[in-house]
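One structure below.
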Amino acid sequence: MIAGFFIDPIERWANHVLILMKNNTVGVFCMGEEFISHGITRTEIEATGRVFGRKGEITEIVPIITGHINETFKVVYRNGDAVEKYTFQAINTNVFKKPDEVMSNISAVTEYIRNKYVSMGESYDRRVLEFQKAEETGLYYYIDEENHFWRVYKY
Numbered sequence: 001m002i003a004g005f006f007i008d009p010i011e012r013w014a015n016h017v018l019i020l021m022k023n024n025t026v027g028v029f030c031m032g033e034e035f036i037s038h039g040i041t042r043t044e045i046e047a048t049g050r051v052f053g054r055k056g057e058i059t060e061i062v063p064i065i066t067g068h069i070n071e072t073f074k075v076v077y078r079n080g081d082a083v084e085k086y087t088f089q090a091i092n093t094n095v096f097k098k099p100d101e102v103m104s105n106i107s108a109v110t111e112y113i114r115n116k117y118v119s120m121g122e123s124y125d126r127r128v129l130e131f132q133k134a135e136e137t138g139l140y141y142y143i144d145e146e147n148h149f150w151r152v153y154k155y
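Letter 33 of the sequence shown, counting from 1, is numbered 33 in this note's numbering, and no numbers are missing.
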């Protein structure tokens with residue numbers, strides 16, 4: 001197992017491992033400065049975290065390879081003694097042609113469900129997705145310089 005991957009390495013060199021993923025695609029896991037998964041770098045994930053106001057040091061980035069549509073990562077931050085885990089997801093805009101409308105719908109639904117739990121006096125923690133807002137825009141998504149459409153929510 002390589003950093004959360006349930007896949008087999010097919011070649012290793014320097015700080016990189018060539019891997020065969022479950023869907024029979026080949027990916028490169030870089031153990032050094034850059035983390036790459038289908039063109040997404042560690043630097044891009046760090047920048048996206050800053051846009052969504054994530055603070056602290058990234059201690060872990062693990063691709064979640066069980067899905068087939070979006071690029072999804074578990075990102076762990078350490079800020080002093082506090083550890084926070086988030087899901088970073090680059091939405092596949094070839095599949096979801098209007099991702100801003102998808103986010104509008106999903107945020108309305110999750111807010112409705114969250115309010116129902118609150119009105120019943122129950123905790124919604126880990127029962128409802130908690131999307132994070134981009135600090136500058138207040139939107140539940142961000143489009144980066146590479147035209148990746150990102151959303152972030154608590155893991």
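By construction, the Cβ of each residue, glycine as well, lies at the ideal position given by its N, Cα and C atoms. A quick note: this is a predicted structure, and the numbers were derived from the prediction, not measured.
**Asked** Expressed to the nearest angstrom, what Euclidean distance is found between the alpha-carbon atoms of glutamate 145 and glutamate 46?
**Response** 13 Å
**Prompt:** Any idea what DSSP makes of arginine 42, helix, strand or coil?
**Reply:** helix
**Prompt:** In angstroms, rounded to a whole number, what distance separates the CA positions of asparagine 115 and glycine 121?
**Reply:** If I take the Cα positions, the gap works out to 10 Å.
**Request:** Output the boundary residues of the alpha helix (DSSP H) element that contains isoleucine 69.
**Result:** That residue, isoleucine 69, is in no alpha helix (DSSP H); it is neither H nor E in DSSP.
**Prompt:** By Cβ distance below 7 Å, which residues in the same chain neighbour tyrosine 140 in space, the five residues on each side in sequence not counted?
**Reply:** Within its own chain, the residues whose Cβ lies closer than 7 Å to the Cβ of tyrosine 140, once the five positions on either side in sequence are excluded, are Met103, Ser107, Phe131, Lys133 and Arg151, listed in chain order.
**Between the CA atoms of arginine 50 and glutamate 44 - distance to the nearest angstrom** = Near 10 Å, if we compare the C-alpha coordinates of arginine 50 and glutamate 44.
**Request:** Taking the CB atoms as reference points, tell me whether lysine 85 and lysine 74 lie closer together than 8 Å.
**Result:** With respect to lysine 74, lysine 85 sits close: the two C-beta atoms are nearer than 8 Å.
**Closest residue to glycine 138 among Arg78, Phe52 and Thr41 (Cα-Cα distance)** = Phe52
**Item:** Cβ-based neighbour list, isoleucine 143, same chain, cut-off 7 Å, excluding 5 preceding and 5 following
**Value:** Phe149
**N- and C-terminal bounds of the alpha helix (DSSP H) containing lysine 116** = Where lysine 116 is concerned, the enclosing alpha helix (DSSP H) stretches over 99 to 119.
**Message:** Going by DSSP in three states, asparagine 23 sits in which element: helix, strand or coil?
**Reply:** In this prediction, asparagine 23 has a pLDDT of 49, which is less than 50 and means its spatial position is unreliable; what the coordinates show is noted afterwards. If DSSP states are grouped into helix, strand and coil, asparagine 23 belongs with coil.
**Prompt:** arginine 54: which of Leu129, Phe88, Asn147 and Asn92 sits nearest, CA to CA?
**Reply:** Phe88
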